[in-house]
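Below: one structure, written as C-alpha coordinates.
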Amino acid sequence: MNFDEDRPVRPDGLTVRRMRHDRGWSTRELVTAVAEACERATGLRETLTPNILKAVEEHNEYISYATLCLIADGFGCDPTDILYTPRADEIDDDALAT
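Numbered per this note's numbering, the sequence shown finishes at 102, counting up by one with no gaps.
Below, the structure written as C-alpha coordinates:
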(Lines of atoms letter the chains of each structure in order from A and count residues from 1; the text may use other names and numbers.)
(Lines give C-alpha, C1' and ligand atoms only; values in the text may rest on other atoms or scores of the structure.)
Protein backbone atom coordinates (compact mmCIF):
# COMPACT_ATOMS: atom_id res chain seq x y z
CA MET A 1 0.00 0.00 0.00
CA ASN A 2 1.44 3.38 -0.99
CA PHE A 3 0.42 6.50 0.93
CA ASP A 4 1.11 10.20 0.55
CA GLU A 5 2.40 11.29 3.98
CA ASP A 6 0.02 14.28 4.09
CA ARG A 7 -3.02 12.26 3.03
CA PRO A 8 -5.64 12.12 5.80
CA VAL A 9 -6.25 8.63 7.17
CA ARG A 10 -8.57 7.39 9.88
CA PRO A 11 -6.88 5.57 12.75
CA ASP A 12 -8.74 3.06 14.91
CA GLY A 13 -8.97 4.94 18.18
CA LEU A 14 -10.06 1.90 20.18
CA THR A 15 -7.04 -0.05 18.98
CA VAL A 16 -4.73 2.83 19.86
CA ARG A 17 -6.26 3.09 23.34
CA ARG A 18 -6.15 -0.69 23.86
CA MET A 19 -2.50 -0.86 22.84
CA ARG A 20 -1.65 2.04 25.15
CA HIS A 21 -3.53 0.48 28.07
CA ASP A 22 -1.97 -2.94 27.41
CA ARG A 23 1.41 -1.31 27.98
CA GLY A 24 0.19 0.50 31.09
CA TRP A 25 1.00 3.86 29.50
CA SER A 26 -0.62 7.22 30.07
CA THR A 27 -1.16 9.48 27.09
CA ARG A 28 1.99 11.39 28.02
CA GLU A 29 3.99 8.16 28.16
CA LEU A 30 2.88 7.34 24.61
CA VAL A 31 3.92 10.85 23.54
CA THR A 32 7.34 10.16 25.08
CA ALA A 33 7.57 6.76 23.35
CA VAL A 34 6.77 8.44 20.02
CA ALA A 35 9.51 11.04 20.57
CA GLU A 36 12.05 8.38 21.54
CA ALA A 37 11.21 6.17 18.54
CA CYS A 38 11.49 9.15 16.20
CA GLU A 39 14.82 10.17 17.71
CA ARG A 40 16.21 6.63 17.29
CA ALA A 41 15.08 6.53 13.66
CA THR A 42 15.98 10.03 12.49
CA GLY A 43 18.02 11.73 15.20
CA LEU A 44 15.19 14.27 15.62
CA ARG A 45 12.86 14.25 18.60
CA GLU A 46 9.59 14.81 16.73
CA THR A 47 6.41 14.04 18.61
CA LEU A 48 2.72 14.91 18.87
CA THR A 49 0.47 16.43 21.48
CA PRO A 50 -1.74 14.61 23.98
CA ASN A 51 -4.67 16.44 22.35
CA ILE A 52 -4.04 14.67 19.04
CA LEU A 53 -3.99 11.30 20.81
CA LYS A 54 -7.19 12.16 22.66
CA ALA A 55 -8.92 13.06 19.37
CA VAL A 56 -7.71 9.79 17.82
CA GLU A 57 -8.74 7.62 20.77
CA GLU A 58 -12.10 9.26 21.44
CA HIS A 59 -13.29 10.27 17.97
CA ASN A 60 -11.23 8.35 15.38
CA GLU A 61 -10.14 11.79 14.10
CA TYR A 62 -8.56 11.85 10.68
CA ILE A 63 -4.81 12.54 10.85
CA SER A 64 -2.03 12.62 8.28
CA TYR A 65 -0.41 9.33 7.35
CA ALA A 66 2.86 10.76 8.73
CA THR A 67 1.19 11.23 12.14
CA LEU A 68 -0.21 7.69 11.98
CA CYS A 69 3.35 6.48 11.36
CA LEU A 70 4.60 8.42 14.40
CA ILE A 71 2.00 6.75 16.63
CA ALA A 72 2.82 3.32 15.19
CA ASP A 73 6.54 3.94 15.77
CA GLY A 74 5.78 4.73 19.41
CA PHE A 75 4.13 1.32 19.73
CA GLY A 76 6.72 -0.41 17.56
CA CYS A 77 4.03 -1.68 15.20
CA ASP A 78 3.11 -1.36 11.54
CA PRO A 79 0.91 1.69 10.76
CA THR A 80 -1.72 -0.58 9.20
CA ASP A 81 -2.15 -2.24 12.62
CA ILE A 82 -3.79 0.94 13.92
CA LEU A 83 -5.61 1.98 10.74
CA TYR A 84 -9.40 1.96 10.94
CA THR A 85 -11.08 -0.82 8.96
CA PRO A 86 -14.76 -0.18 8.23
CA ARG A 87 -17.30 -2.83 9.17
CA ALA A 88 -19.18 -4.49 6.31
CA ASP A 89 -22.31 -2.42 7.05
CA GLU A 90 -20.27 0.81 6.75
CA ILE A 91 -18.99 0.09 3.25
CA ASP A 92 -20.81 1.85 0.44
CA ASP A 93 -21.55 -0.67 -2.33
CA ASP A 94 -21.32 2.09 -4.96
CA ALA A 95 -17.80 2.97 -3.79
CA LEU A 96 -16.73 -0.65 -4.25
CA ALA A 97 -17.96 -0.66 -7.86
CA THR A 98 -15.58 2.14 -8.86
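For glycine and all other residues, C-beta sits at the position ideal for the given N, C-alpha and C.
In whole angstroms, give me the CA-to-CA distance for Thr71 and Ile56.
Taking the straight line from one Cα to the other gives about 9 Å.
Are three or more beta carbon pairs between the region 35-44 and the region 83-90 nearer than 8 Å?
Judged by Cβ distances under 8 Å, the region 35-44 makes no contact with the region 83-90, as fewer than three pairs qualify.
Nearest to His63 by alpha carbon, out of Gly80, Arg21, Leu52?
Of the listed residues, the one whose Cα sits closest to His63 is Arg21.
Give me, in chain order, the residues of the same chain whose beta-carbon lies closer than 6 Å to that of His25; leave out the 5 immediate sequence neighbours on both sides.
Counting only Cβ-Cβ distances below 6 Å, and skipping sequence neighbours, we find nothing.
I'd like to check one pair, Arg14 with Tyr69: are the Cβ atoms closer than 8 Å?
For Tyr69 and Arg14, no; Cβs fall outside 8 Å.
Since Val20 sits in a beta bridge, which residues does DSSP pair it with?
Beta-bridge pairing links Val20 to no other residue.
From what residue to what residue does the alpha helix (DSSP H) around Leu74 run?
Note, Leu74: alpha helix (DSSP H), 69-79.
Report the rounded CA-to-CA distance for Ala39 versus Asp8, giving the unit in angstroms.
Straight-line Cα distance between these residues: approximately 22 Å.
Could you say which of Leu34, Lys58, Val60, Glu61 lies nearest to Glu50 if we only look at CA atoms?
Selected option, being the one with the closest Cα: Leu34.
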